[in-house]
Every structure is written in C-alpha cells, then in structure tokens.
Amino acid sequence: MKFFEYLDKEDLDKIHESTLTLLEKTGIRCRSERFLNKAKELGLKVESVGNENVIFFPRDKVEKALATAPSKFTTYGRDPKYQIKWGERKAYNRTCVGTPFIKDVETNEKHIVTKEDMENHIRVADGLDSTDIISCIVSQEIPQHAALTIQAAAMVKNTTKPLRICIDSAHEVNFVIDVLAVAVGGRDKLKEQPIAYLEVSPISPLDYADGPADALLDIIESGLPLGIVPAPMMGATGPMTLIGSVTMHNAEILAGIVVAQLIHPGYPCIMSPHVTFMEMATAMTGWGAPEMGLAAAASAQLGRYYNLPTAGGGKSCSAKISDEQMGYESMFNSLLPALSGMDVIGGAGAVDNALVACYRKLAIDNEVSSLTQFALQERVVDEDTMAVDAIHEVVNGEKNFLGSPHTLKHLRTELWKPGITERLTYDDFIADGRNCGERARDLILDLLKNHKVTPLSDAQIAEIDTIVEKALQQ
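Just so we're aligned: 1867 in our numbering is position 419 of the sequence shown, and the numbers increase by one with no gaps anywhere.
See the structure below:
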C-alpha cells in the first residue's frame, strides 16, 4: 500500500540537513567517561564546552554509519511462532510500559501496581490475539534497584510473546540479559533468536546521561536489537514547534544509532520517537494530544527516509477512563503513524498520560490494533478482485450476489473479523445490556481466569530466581 505522507520529500531533506548540523555543530552532551572514551576511539570529536563534555559528529561519519544499519531484522517470542518483522511496517501492537498505577478491571478504581498486578497484566496481554509485543508496568512492591531484573523475570514467566525492555542504567543490563538467555537456552541462542529489543532513553535536549550511555554500550555487547527512545516535551525539554522537536529528537536518536554502527557495523537498531508536549496551564505532559500522532507520523516518514525500523507511542491518552475521549485520542494518535509506516505502535492499555494501566483499554486497544493491521493489508487489484465477470453474471441473472460463487470464494477472507465490537440488532443490544467497556471487562476477566501460558521448566525458573537474587544483593 501507499503510505500517508505527512511531510514531502523536500521537508524530510531539510530535517535531515538540520539534524546533521545539530550533530556536527551543537553536539551531544555526555556525562559518561566510558561513553566519551569510546567516542574518541571511534574518531568522534570530544571537547569541553563550559563545564560539559560534548561529542561532535562529523556529517560524513553520520551518513556512512547510517548506511550500514540494517533495514530489516526479526525479533521472536519465547515461542518462536511469534515473530516481529522489523522494517515491514506492519504497525505491531505493544503494551504500555512503566505505569505505576492500574485500574481494577471490575470496579475501575485506581490503585498502586502490585507484583501480582504486574504478572497478571503480562499474562492477559499474552492472551490477546492482536497484542504483539509485551512491555511491563511498574510494581511498587519490588525493590527498585533490581526492578528491571524482576520485570524481565516476570515477563519470561508469563508470556511467550516478544518483549520490549527500556534500560535506564547499566547496572542491571547483564542481569536482564541473563534472564532472557535462560528463557531460550543461553546467550548464543538469544543473540541468534532475540526475544526482546532493549531501549535506552537519552535526556532531551541533546544529552546522553551516564545511565543510558553506559547501558547502550552494554546492549551492543549483548547483540540484542537496540532502540533509542528520547521523549522531548514541546515547550519544555524540546522546541515549541512540532517540527523543531522532531528535528532535535531525530538528532538524539541518530547519535545513538551512529555510535552503534561505528562499534558494530550492521547492528540492528530501531528509531523510537516519542515527542510529547507540556500543557502550559498545568505543566502536565499531554500524551493524548494530536501533536503526538503528527510527530510520530513525521518520525515514521524519517524512518522510511533512512530505511530504518521505527517504534513509537500512540495508544496512550490523556483521558482518565475508557470513554469517548480515550477512543478518539488513541485512534488518532495510533492510526496516523501506522498509516505512515511505523513498525510498532506502543502504549496499549495506558490512560491518564501513561500513568495508569487500564485493563479495559488494553482490550479495546487490542481491537483497534486488529482494525489497523487489517487496514494495512495489501489489496490485490486483479481480474478476480475487481469482479467484472461476477458483476456481469449477476446483473444478467439473479440480480444479487448472495448466491454468487465469487461471494462464496471471498466471504471468509475479505472482511475484518471483530472481537469485542458489537454488531447486534438494537433490541439484542439492549437485551445484552453491555457497552464497549463492559464487553472489554468480560474479555479480560475470562483471560484472568482461564488463559494459560506455556511454562518454563522448573530448572529454568530456579536459574532465573537465582539471577534475581543476585540482582537484589548487588
């Protein structure tokens, strides 16, 4: 299909040139001695500017490095039947990440995420047919110095689908990788068949703090796909103009990808754009604002411009409950980047500016993803699908297509198959008595009660628990 072009080619060229100027003239601030030393080894210019160390990226190095980055690769689930074909622009659905609160599926009341909530949320997402990649909400009951390791353990125990983990510091990277490796049979197997992609988040504007910088280097040593996920807020940590923030965070993303390519040409990398904005009246971040979808559409185009895979947000919203506002915010901000060619759309199940996980919304976003992926399917235009012969026969025969062989041939494959979407008669709808949120609730309750995940072996669980204990003791 032809993708939506929010920006034209000349606009993309301008953003690219401005990105190169930022990397070459303004540079990237960095506080990691290890990363600074690696930058020097790679031939990048490192200078002191005021009281900061700055890495400058010559444009020829940037363009040569980008040319080595792969346009396509695959990540897998613990069950290898689940595959994410990066670079094929399929708008895979990823669950929300990092939410400290969750809504009870029955009462809709908000409470702090418990360890049980975290595990149940993963298991429910495993059972949703159009939810493709699993992230982890944040339990407030677990020790935070080992949170990523505990989350990784919960994920491999409660889903067989592909994973996404955001690494905020280097001290847990190897524990996380060890957990993933146990789930698939060792580090060599993990590198060959990665069950997760790992992301680091530079700090806007143009700053690689020691945590994400050191984590980036450790991830590259592991061989797992690397995503760069800055999240500038327009008017606060990014320019007030949408295109300005897109340009700046494009530089932040490319800086990490260039370093990865200079270290290991051909290393699998993902552009992970997340432009948000600060509501000036409240100083709140607006995850449901249309600017987020528009910026994601522009960044998806940049991904195609560079021939690099992309993964962004879109399904988070500013709405506090699963209501009409939730519906139009999530649909707008996820459909635009999907139609623009983004590989992964994240944030499924998040409300209240990505602070609260909502089971009902998780089920609704699963339905939205099914719709979106249906819309992205290639439509074959040939003699059979144009149906000229069938039209001729019906017009000159029975005057309807109900009994046509052409109808029988296509009726099971041509139409989208709804899940929780209601298509009853009005009287049957009234008799059923449930609205969309209530149908979503019932689907989640069924999964909580009945969905079973293929378990790890007892030996694998014991080994993973040992790794978690080591992380707790560090």
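Glycine included, each C-beta is placed from N, C-alpha and C at the ideal position.
Count the other C-beta atoms from every protein chain shown that fall within 10 angstroms of the C-beta of residue i, then say buried if there are 16 or more, exposed otherwise.
{"i": "W1864", "result": "exposed"}
{"i": "S1778", "result": "buried"}
{"i": "E1815", "result": "buried"}
{"i": "F1877", "result": "exposed"}
{"i": "G1741", "result": "buried"}
{"i": "Y1874", "result": "exposed"}
{"i": "P1853", "result": "exposed"}
{"i": "F1822", "result": "exposed"}
{"i": "D1565", "result": "buried"}
{"i": "N1606", "result": "buried"}
{"i": "Q1709", "result": "buried"}
{"i": "I1541", "result": "For the sequence presented, residue 1541 should be read as Asn rather than Ile. Buried, since its Cβ has 16 or more Cβ neighbours within 10 Å."}
{"i": "P1866", "result": "exposed"}
{"i": "P1721", "result": "buried"}
{"i": "V1829", "result": "exposed"}
{"i": "A1513", "result": "buried"}
{"i": "V1604", "result": "buried"}
{"i": "M1449", "result": "exposed"}
{"i": "I1590", "result": "buried"}
{"i": "G1498", "result": "exposed"}
{"i": "N1881", "result": "It should be noted that the sequence gives Gly, not Asn, for residue 1881. Burial call: exposed."}
{"i": "P1713", "result": "exposed"}
Kindly identify the DSSP beta-bridge partner or partners of residue i.
{"i": "F1504", "result": "K1493"}
{"i": "I1915", "result": "Looking at the DSSP assignment, I1915 forms no beta bridge with any residue, so it has no partner."}
{"i": "D1655", "result": "R1477 and I1651"}
{"i": "C1806", "result": "K1551"}
{"i": "F1521", "result": "W1534"}
{"i": "C1717", "result": "L1674"}
{"i": "K1457", "result": "DSSP, once it has assigned bridges, lists no residue as partnering K1457."}
{"i": "V1604", "result": "V1604 is not bridged to any residue."}
{"i": "G1760", "result": "I1793"}
{"i": "L1646", "result": "I1613 and L1674"}
{"i": "G1686", "result": "M1682"}
{"i": "V1799", "result": "V1804"}
{"i": "T1733", "result": "M1726"}
{"i": "T1582", "result": "A small correction: the amino acid at residue 1582 is Ile; Thr does not occupy that position in the sequence shown. Bridge partners of I1582: L1611."}
Measure the CB-CB distance between residue i and residue j and report whether it falls below 9 Å.
{"i": "K1809", "j": "N1781", "result": "no"}
{"i": "S1578", "j": "S1818", "result": "yes"}
{"i": "L1672", "j": "A1631", "result": "no"}
{"i": "A1767", "j": "M1726", "result": "no"}
{"i": "I1476", "j": "N1698", "result": "no"}
{"i": "L1596", "j": "I1582", "result": "no"}
{"i": "C1717", "j": "I1676", "result": "yes"}
{"i": "L1654", "j": "L1470", "result": "yes"}
{"i": "V1707", "j": "I1667", "result": "no"}
{"i": "V1723", "j": "V1694", "result": "yes"}
{"i": "F1623", "j": "A1602", "result": "no"}
{"i": "R1507", "j": "R1752", "result": "no"}
{"i": "T1547", "j": "K1533", "result": "no"}
{"i": "A1907", "j": "I1598", "result": "no"}
{"i": "M1681", "j": "T1733", "result": "yes"}
Taking the beta strand (DSSP E) that residue i falls in, what are its first and last residues?
{"i": "Q1531", "result": "Q1531 to W1534"}
{"i": "M1726", "result": "T1724 to E1727"}
{"i": "I1560", "result": "K1558 to I1560"}
{"i": "R1542", "result": "Y1540 to T1543"}
Between which two residues does the alpha helix (DSSP H) harbouring residue i extend?
{"i": "R1612", "result": "No alpha helix (DSSP H) contains R1612, which is instead part of the beta strand (DSSP E) from L1611 to C1614."}
{"i": "I1625", "result": "V1621 to V1632"}
{"i": "M1834", "result": "E1831 to M1834"}
{"i": "C1884", "result": "C1884 to N1898"}
{"i": "I1878", "result": "Y1874 to D1880"}
{"i": "K1639", "result": "R1635 to E1640"}
{"i": "M1774", "result": "E1772 to L1787"}
{"i": "T1869", "result": "Looking at the DSSP string, T1869 is not in any alpha helix (DSSP H), and its letter there is neither H nor E."}
{"i": "H1569", "result": "K1563 to D1574"}
{"i": "H1858", "result": "P1853 to H1858"}
{"i": "P1738", "result": "P1738 to Y1754"}
Any heavy atom of the ligand ADP inside 8 Å of the beta-carbon of residue i?
{"i": "W1864", "result": "Here there are no bound small molecules, and the ligand ADP is not part of this structure."}
Quick test of the definition: if touching needs 3 or more C-beta pairs under 8 Å, does the region 1606-1621 touch the region 1903-1913?
Counting Cβ pairs under 8 Å, fewer than three are found: no touch.
Check whether the region 1692-1706 touches the region 1500-1519, taking contact to mean three or more Cβ pairs, one atom from each stretch, closer than 8 Å.
Verdict: yes, contact present.
Taking contact to mean at least 3 C-beta pairs separated by less than 8 Å, is the region 1783-1793 in contact with the region 1522-1531?
The region 1783-1793 is not in contact with the region 1522-1531.
So does the region 1547-1558 actually touch the region 1744-1761, counting three or more Cβ pairs closer than 8 Å?
By the Cβ test, the region 1547-1558 is not in contact with the region 1744-1761, since fewer than three Cβ pairs between them sit closer than 8 Å.
Within the chosen definition, does the region 1797-1806 reach the region 1835-1843 through at least 3 CB pairs nearer than 8 Å?
At 8 Å Cβ cutoff, the stretches do not touch.
For the region 1668-1682 against the region 1483-1494, do three or more pairs of beta-carbon atoms, one drawn from each stretch, fall closer than 8 Å, so that the two count as touching?
Counting Cβ pairs under 8 Å, fewer than three are found: no touch.
Indicate whether the contact test is met: 3 or more Cβ pairs, each with one atom in the region 1513-1525 and one in the region 1753-1761, closer than 8 Å.
Judged by Cβ distances under 8 Å, the region 1513-1525 makes contact with the region 1753-1761, as three or more pairs qualify.
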